[in-house]
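Asks: For reference, the structure I am asking about is given below.
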Amino acid sequence: METLHPSDFDRVGGEQGLRRIIEDFTARVFGDVMIGFLFEGKPHARITEMEYRFAAAHLGGPVGYTGRPLGEAHRSSPILGGHFQRRRKILLDTLGDHGVPEDVVARWLAEVDRHRDAILGRGVDATHCDHAAQAARPRASRPSKNLLGGS
403 METLHPSDFD RVGGEQGLRR IIEDFTARVF GDVMIGFLFE GKPHARITEM EYRFAAAHLG
463 GPVGYTGRPL GEAHRSSPIL GGHFQRRRKI LLDTLGDHGV PEDVVARWLA EVDRHRDAIL
523 GRGVDATHCD HAAQAARPRA SRPSKNLLGG S
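Mapping the sequence shown onto our numbering, position 145 (from 1) lands on 547, and the numbers just tick up by one.
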C-alpha cells in the first residue's frame, strides 16, 4: 500500500495556518521601514488574499491564484532588486517565526525567486540598481522639490 505524504499546504497548517502566516507577512511588509512605501494606498485585504492564493497554489492547496500575471501586477511599482531582497528576507523571517519546516521554506523561496525577473523587469540584477531600466519604468507623478532652497 502506498503511503500518502502531506502537501506543503497541509504541513503549514492548511488554510487556517497559511492565512495566519500570510496575514503576519503582509502586515510586516506594509509596515516595513524599507519597503512599506511601495504599499502606500494599496488595498491591504486584497493583497493579503492574492498572497494567500499564490502561496496556497504553489504549496499544493485547493486554491488557485486568479490574479494578474506577476509582471503585469507589479509593472507600475518602482521595485528594485534591494526591495525584492528585503521582501524575501521578511518572508524568510515570517516563515521561521511560524515554524514552517525548512524544506517547505526552501521550496517556497525557490518559487518566489522564480518570479524575480518578472517582478523586477528582465535583466535587473537582484543586487544592482539598473538606473536606465528603472528610469524607463512608469512612475506616479510627484512634485519636485529643490532641497537646497533655490529656485
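Glycine included, every Cβ here is placed at the ideal spot set by N, Cα and C. Remember, predicted model here, so these are calculated numbers, not experimental data.
1) Can you grab the Cα-Cα spacing for the pair residue 460 / residue 504, in whole Å?
2) Determine the burial state of residue 422: buried for a count of at least 16 other Cβ atoms within 10 Å of its Cβ, exposed for fewer.
3) Expressed to the nearest angstrom, what Euclidean distance is found between the alpha-carbon atoms of residue 407 and residue 462?
4) Mind reading off the beta-carbon distance from residue 483 to residue 521? Whole number of angstroms is fine, and I expect it under 8 Å.
5) If the criterion is Cβ atoms closer than 8 Å, does the pair residue 494 and residue 507 meet it?
6) Could you give the first and the last residue of the continuous alpha helix (DSSP H) run that contains residue 511?
7) Given residue 499, which residues of its chain have a CB within under 8 Å of its CB, disregarding the five upstream and five downstream residues?
8) On the CB-based measure, 16 or more other CB atoms within 10 Å of its CB, does residue 502 come out buried or exposed?
Replies: Put simply:
1) Distance between the alpha carbons of residue 460 and residue 504: 16 Å.
2) Exposed is the call here.
3) So the two alpha carbons sit approximately 12 Å from each other.
4) With a beta-carbon spacing of about 10 Å, residue 483 and residue 521 fall beyond the 8 Å limit used to define contacts.
5) Yes.
6) Its alpha helix (DSSP H) spans residues 504-516.
7) Contacts found: 426.
8) Note on residue 502: 16 or more other CB atoms within 10 angstroms of its CB, so buried under the neighbour-count rule.
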